[in-house]
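*Asks:*
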Amino acid sequence: MDSALIPKGVKRAPLWQFTLFIGIVGIVLLWGVYAMVLCWLKGLNQTNMNDAYGFALWIWADLAVIALGGGAFFSGFLKYIIGKDELKNIINYAVLIGFICYSSALLILAIDIGQPLRGWFIFWHANVHSMLTEVAFCLSCYFAVLTIEYIPLILENRQIDKVPFFHNLGHNMHHVMAVFAATGAFLSFFHQGSLGGVTGVLFGRPFGFREGVLIWPTTFFLFTWSAAAVGPCFTLLVTKITEKVTGKKLVKDNVVELLAKISGWMLATYIIAKIIDTWYWAAVTAPESGFSMMDFYTNNPVYGIWILVLEIVIGGVVPALILITDAGRKNKTALITATVLAVIGICVNRWVMVLQVLAVPVLPFESWFMYFPSWQEIATTILPVAYGIILIGLSHRYLPIFPQERELNPIEES
Amino acid sequence: MKSTNTQTKKYGMVIDLDKCTGCGACMVACMAENNVPFKENESNKQDSITWLRVYKMDNGKPYPENDICYLPRPCMHCEGHAGHSPCVSVCPATATDYSTETGIVSQIYTRCFGCRYCMAACPYHVRYFNWWDPVWPEGMEKMLSPNVSVRTRGVVEKCSFCFHRYQLAMEKAHYEGREEIEEEEYQTACCQACPADAITFGDLYNPKHKVFELKQTPGAFRLLERLGTNPKVFYLTSRDWVRKQGDNYLKNEGQVIAKGGH
């Protein structure tokens, strides 16, 4: 029924199967939308946040999806600026994943603020000293860039492409895409860093505070670095999941291995920097405030030293070692394991840099603060996942996202 | 930032913890004075608003050596470094400001859009979010102070050192042809309500004000000085264990190391 919309030379699941899939995910999406509407109508009393946990699950989700969406800017940087042309075979998907991640982050932010209708104040009454201001400006601008990068993909739909205006528009947009990719990379280096700065500048919070260069704490650089390292891992992971779901190979191994190799070296260098940063913080920065490192990992029911090991060793050192070795990249199980571990590592990093920061008691006569999200918070955090799956489903079905799909999956003429 | 302007003030507080009985009169006075909203059920203190909160501290020793101390904690009105207090510098919408004229950290309720970054930045937990719309028992809305705006759901609020009283005092002084106000003309509600006279309020710069001398009392301390927040609330105590609760120290640290200027 929708065959006229499906790209030529590729095979797609029957419409009923696709509709069923979208319908099931759509139910989850509606659940999230319901929770979102509740938060907007009734306020943030629908959450389990409190005055100790002003930042919680949503801010973590924001930081995490923006880091994972970093595959878009870094792949674009590698393809258009460095000249790694092979990556043209995965860049569309990286852009789509980035678009989903950034639109999700903006949506979550719109739910997370107490007065959503005043959201524009961040631009109108901008405080240049605030890292969040920089985040808002760069994030919005970069989302615009991602939209511009995603539009040519939509225009490549078989039916839209028949319209001469859209055909020419898409063609011309492709020609100038290097400019947008460069702009996107520039903006991303800043807002990924600013997100790291959000916690790093909090000199009243010894667990998160970091010293740095001029006005930028070390977390500024570490966040950009880690997003550039793990963003491509997430792109690879989602590609592999898509291949599994569709039962088709979509990207050639040499492309996957190239991105995995670059990601691996980025991750390896990042984790060395992260270890040095952690050591300096534990040996110098925190003690200056009267805290020993173990003060942050004891006397509470959740945050033990295990979380540091999980983040740095299991989610950093191990995947880096797998990805920088040729054998690791060529072994499919090892490759997927590495991408999963890297994603877990970065998510844990963002978690501790938001939630553990607030959990640690700073006043000596206070105790650790614990928190568990309400169902509304969980539903609104799952909402972007459902939205992402639906957008990927629609894009994969109707747009030529993977340039190598036809070659890798030739259809036998009957 | 030191200003050459002779009218520059730096309002602050000195609280004598040896005098505080923990009666809570300061908290009640603060709430009434500043139209602080409350919930029908206040058992969960994590989301209820208390601009001034009295903490109960314990020396952790068994009877008969057990000792307790009550510590009233208003907003510290931190100066940080050159006015960059922890919360002011992070607010993305400039909804909170450090006044170099008075040293008071203000909150602009109509500009705050409720991102709560300031709450994450404040180590003293003095910032409170309005999780609910304020609901007053029937008739009580007529008792609200007309000098303090009532806040709406979704914005952050905190102790203002009863700034409206400063404005009223300055207005009166201008009307009477004076440029300056006297110490007793601007006092906070908590200070006036304290039956034990534990709270003293005034201009920390002004040698005529009681706080000027009191803050120099040997052993006077501020909470979390080592973080560099540079707060303007000083505490007095003769008890060493209370003094040590004012900051974090490593196990092997033999002496108190204070950081940050007065």
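Listed in order, the protein sequences are those of chains A and B.
With our numbering applied, the first sequence corresponds to residues 23 to 436, in that order.
With our numbering applied, the second sequence corresponds to residues 14 to 275, in that order.
We put the beta carbon where it would ideally sit given N, CA and C, even for glycine.
What residues from chain B crowd round residue 141 (chain A), counting only those whose CB sits closer than 8 Å?
*Replies:* 126
*Asks:* Give me, in chain order, the residues of the same chain whose beta-carbon lies closer than 6 Å to that of residue 249 (chain A); leave out the 5 immediate sequence neighbours on both sides.
*Replies:* 89, 92, 214
*Asks:* Rounded to a whole number of angstroms, what is the C-alpha to C-alpha distance between residue 146 (chain A) and residue 210 (chain A)?
*Replies:* 22 Å
*Asks:* Is the beta carbon of residue 102 (chain B) sitting closer than 9 Å to the one on residue 151 (chain A)?
*Replies:* yes
*Asks:* With residue 230 (chain A) and residue 242 (chain A) assumed to form a contact (beta carbons below 8 Å), what rounded beta-carbon distance in angstroms separates them?
*Replies:* Not quite, the Cβ-Cβ distance comes to about 12 Å (not below 8 Å), so this is no contact.
*Asks:* In chain B, which residues lie with their C-beta within 7 Å of the C-beta of residue 73 (chain A)?
*Replies:* 59, 60, 132, 138, 141, 142
*Asks:* What does a CB cutoff of less than 7 Å around residue 96 (chain A) pick up in its chain, not counting 5 residues either side in sequence?
*Replies:* For residue 96 (chain A), the CB contacts under 7 Å within the same chain, skipping 5 residues up- and downstream, are 250, 253, 254 in chain order.
*Asks:* Taking 9 Å as the CB-CB cut-off, is residue 84 (chain A) touching chain B?
*Replies:* no
*Asks:* In this structure, what does DSSP give as the bridge partners for residue 82 (chain B)?
*Replies:* B:70
*Asks:* Rounded to whole angstroms, what is the Cα-Cα separation between residue 25 (chain A) and residue 163 (chain A)?
*Replies:* Taking the straight line from one Cα to the other gives about 36 Å.
*Asks:* Kindly examine the ligand NAP and report whether one of its heavy atoms sits closer than 8 Å to the Cβ of residue 150 (chain A).
*Replies:* The ligand NAP is absent from the structure shown, which contains no ligands of any kind.
*Asks:* Residues in its own chain within less than 7 Å of residue 163 (chain B) by CB, not counting five upstream and five downstream?
*Replies:* In its chain, beyond the 5 residues on either side, 48, 147, 157 have a beta carbon closer than 7 Å to the beta carbon of residue 163 (chain B).
*Asks:* Quick one: list the residues of chain B neighbouring residue 144 (chain A), beta-carbon separation under 8 Å, in chain order.
*Replies:* Chain B residues near residue 144 (chain A): 105, 106, 126, 128.
*Asks:* Strictly under 9 Å for the Cβ-Cβ distance: is residue 70 (chain B) near chain A by that measure?
*Replies:* yes
*Asks:* Among A:306, A:291, A:201, whose alpha-carbon lies nearest the alpha-carbon of residue 232 (chain A)?
*Replies:* A:306
*Asks:* Using three-state DSSP, classify residue 406 (chain A) as helix, strand or coil.
*Replies:* helix
*Asks:* Please confirm if residue 257 (chain B) has its CB atom under 9 Å from at least one CB of chain A.
*Replies:* Under the Cβ criterion of 9 Å, residue 257 (chain B) is counted among the residues facing chain A.
*Asks:* Any C-beta of chain A sitting closer than 9 Å to the C-beta of residue 75 (chain B)?
*Replies:* no
*Asks:* Name the two residues that bound the continuous alpha helix (DSSP H) containing residue 362 (chain A).
*Replies:* Residues 354-373.
*Asks:* Enumerate, from N- to C-terminal direction, the unbroken alpha helix (DSSP H) stretches of 4 or more residues contained entirely within the region 153-190 of chain B.
*Replies:* Within the region 153-190 of chain B, the runs of alpha helix (DSSP H) that reach at least 4 residues and sit entirely inside it are, in chain order, 176-188.
*Asks:* Could you tell me the boundaries of the alpha helix (DSSP H) in which residue 135 (chain A) lies?
*Replies:* Counting along the chain, residue 135 (chain A) falls outside any alpha helix (DSSP H), and DSSP gives it neither H nor E.
*Asks:* Along the region 217-237 of chain B, what residues have a CB closer than 8 Å to any CB found in chain A?
*Replies:* 236, 237
*Asks:* Residues in its own chain within less than 6 Å of residue 87 (chain B) by CB, not counting five upstream and five downstream?
*Replies:* 65, 172
*Asks:* Write down the C-beta distance between residue 273 (chain A) and residue 122 (chain A) rounded to the nearest angstrom, noting that I regard them as a contact closer than 8 Å.
*Replies:* Under the criterion of beta carbons closer than 8 Å, residue 273 (chain A) and residue 122 (chain A) do not qualify as touching, at roughly 18 Å.
*Asks:* Taking the C-alpha atoms as reference points, what is the distance between residue 364 (chain A) and residue 48 (chain A)?
*Replies:* 29 Å
*Asks:* In whole angstroms, give me the CA-to-CA distance for residue 271 (chain B) and residue 236 (chain B).
*Replies:* Confidence at residue 271 (chain B) is low in this model, with a pLDDT of 42, below 50, so its placement is unreliable and no value can be given for it.
*Asks:* Just checking: is the beta-carbon of residue 136 (chain A) within a distance shorter than 9 Å of some beta-carbon in chain B?
*Replies:* yes
*Asks:* Is the shortest distance between the beta-carbon of residue 16 (chain B) and the beta-carbons of chain A less than 9 Å?
*Replies:* Confidence at residue 16 (chain B) is low in this model, with a pLDDT of 40, below 50, so the placement of that residue is unreliable and no value is reported for it.
*Asks:* Residue 329 (chain B) touches chain A at which residues, Cβ-Cβ below 7 Å?
*Replies:* This structure leaves residue 329 (chain B) out entirely; chain B is present only between 14 and 275.
*Asks:* For the beta strand (DSSP E) containing residue 26 (chain B), name the first residue and the last one.
*Replies:* 24-29
*Asks:* What three-state label does DSSP hand residue 214 (chain B) in the structure shown?
*Replies:* Here residue 214 (chain B) sits in strand by DSSP.
*Asks:* Hey, how far is the Cα of residue 58 (chain B) from the Cα of residue 389 (chain A)?
*Replies:* 14 Å
*Asks:* Could you please give me the residues that DSSP links to residue 110 (chain B) through a beta bridge?
*Replies:* B:119
*Asks:* Within the same chain, show all residues whose beta-carbon is closer than 6 Å to that of residue 106 (chain A), passing over the 5 residues directly before and after it, in chain order.
*Replies:* 100
*Asks:* By how many angstroms is the C-alpha of residue 202 (chain B) removed from the C-alpha of residue 15 (chain B)?
*Replies:* The pLDDT assigned to residue 15 (chain B) is 43, lower than 50, so where the model puts this residue is not dependable, and the model offers no usable value.
*Asks:* Put residue 64 (chain B) into one of helix, strand or coil per three-state DSSP.
*Replies:* coil
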